[in-house]
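J.: Provided herewith is a single structure, encoded as structure tokens, for subsequent inquiry.
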């Protein structure tokens, strides 16, 4: 509230809140806007697919990474929509005057605006950079080892929800090896509504094999397919000099 991002509100409704630790150990306020998103008219124009972004990076050898100052909070919410952002805490009900993350159309809106970069958290002229769970360099794209560790340390799923969580995380890296879906078939089958959850020895073998394969591909580089030059955001391609087509 001191920064003018939120204000007290009348308790008409309110989305639930939780707090998550950032990398620097500070606290991030997260709000569950799923119910609001269900009744929001969605922007149908798709965001870029991560594979398409990777494909555009072939041939790049120098990278820059820009971090937006206060992220979504740079954009104000229209006065007539402020009450829709209401959330509840033990101290009362509040509403956002600026755009919080978690709203269904927030990412698209963020891409369309001219925003300010936080210089202290931005990096320039890097030979490799971490991006969405991957490490990108002049050699191509490889898995971020820190993300693989989280998968390897996973214990066997105890219910359907934990299976879905594991497959979602492991499946994110399926482009790095063949046969992912074949190996995961027995585990995936347990997600079906008419199938009773029964974690058999064969399921355990598939589970362990997936984890083992992911560790083997930790150092494998997957080359992008497209050779044409194309700057992307937040990663900017560089040849002999920095070129930025999008302003922040």
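Residue numbers (the working numbering): -3 to 244. All C-beta atoms, glycine included, are put in the ideal place defined by N, C-alpha and C. Quantities reported herein were computed from a predicted structural model and do not represent experimental measurements.
1) State the beta-bridge partners of residue 127 as determined by DSSP.
2) Could you tell me the distance, in whole angstroms, from the CA atom of residue 139 to the CA atom of residue 212?
3) Go through its chain and collect everything with a Cβ distance to residue 209's Cβ below 6 Å, but skip five positions before and after it.
4) Determine, using beta-carbon pairs with one atom in the region 117 to 137 and one in the region 83 to 100, whether at least three such pairs fall under 8 Å.
5) If you follow the beta strand (DSSP E) that residue 15 is in, where does it begin and where does it stop?
6) Let me make sure I understand the geometry here. Which of 10, 12, -3 and 120 has the alpha-carbon closest to that of residue 57?
7) So what does DSSP say about residue 91, is it helix, strand or coil?
8) Just to confirm before moving on: does the CB-CB distance between residue 182 and residue 198 stay below 7 Å?
9) Where are the alpha helix (DSSP H) runs, 4 residues long or more, that stay fully inside the region 101 to 185, in chain order?
10) Relative to the C-alpha of residue 36, which residue among 203, 98 and 71 is closest?
11) Which of helix, strand or coil does DSSP assign to residue 205?
12) For the putative contact between residue 104 and residue 29, defined by C-beta atoms under 8 Å, what is the C-beta separation to the nearest angstrom?
13) Report buried or exposed for residue 158, applying the criterion of at least 16 other Cβ atoms within 10 angstroms of its Cβ.
14) Please find out if some non-hydrogen atom of the ligand MN comes closer than 6 Å to the beta-carbon of residue 48.
15) Given a cut-off of 7 Å, decide if residue 81 and residue 92 are closer than it, judged by their beta-carbon atoms.
16) On the CB-based measure, 16 or more other CB atoms within 10 Å of its CB, does residue -3 come out buried or exposed?
17) Provide the residue(s) that pair with residue 43 in DSSP beta bridges, ordered along the chain.
18) Using a Cβ-Cβ cut-off of 7 Å (strictly less than) and excluding sequence neighbours within five positions of residue 25, which residues of its own chain qualify?
19) As a quick exercise: from 17, 142, 109 and 118, pick the residue whose alpha carbon is nearest that of residue 71.
20) With distances taken from CA atoms, which of 61, 6 and 195 is nearest residue 123?
21) Kindly indicate the opening and closing residues of the alpha helix (DSSP H) around residue 30.
22) So the candidates are 206, 115 and 95; which of them puts its Cα closest to the Cα of residue 74?
23) Three-state secondary structure (DSSP) at residue 10?
24) Can you name the residues that DSSP bridges to residue 191?
25) One question on the structure: do residue 152 and residue 162 come within less than 7 Å of each other, judged by their Cβ atoms?
26) Could you name the residues that DSSP lists as bridge partners for residue 5?
T.: Taking the geometry as given:
1) 130
2) 10 Å
3) 173
4) no
5) 13 to 17
6) 120
7) strand
8) yes
9) 102 to 108, 141 to 148, 156 to 167, 176 to 179 and 181 to 185
10) 98
11) helix
12) The pair is not a contact, with the Cβ atoms about 15 Å apart (cut-off 8 Å).
13) exposed
14) By its list of ligands, the structure shown contains no ligand whatsoever, and the ligand MN lies outside what it can speak to.
15) yes
16) exposed
17) Residue 43 pairs with nothing; no bridge assigned.
18) 13 and 15
19) 109
20) 61
21) 30 to 34
22) 95
23) coil
24) Bridge partners of residue 191: none, in fact.
25) no
26) In DSSP, residue 5 forms no bridge with anything.
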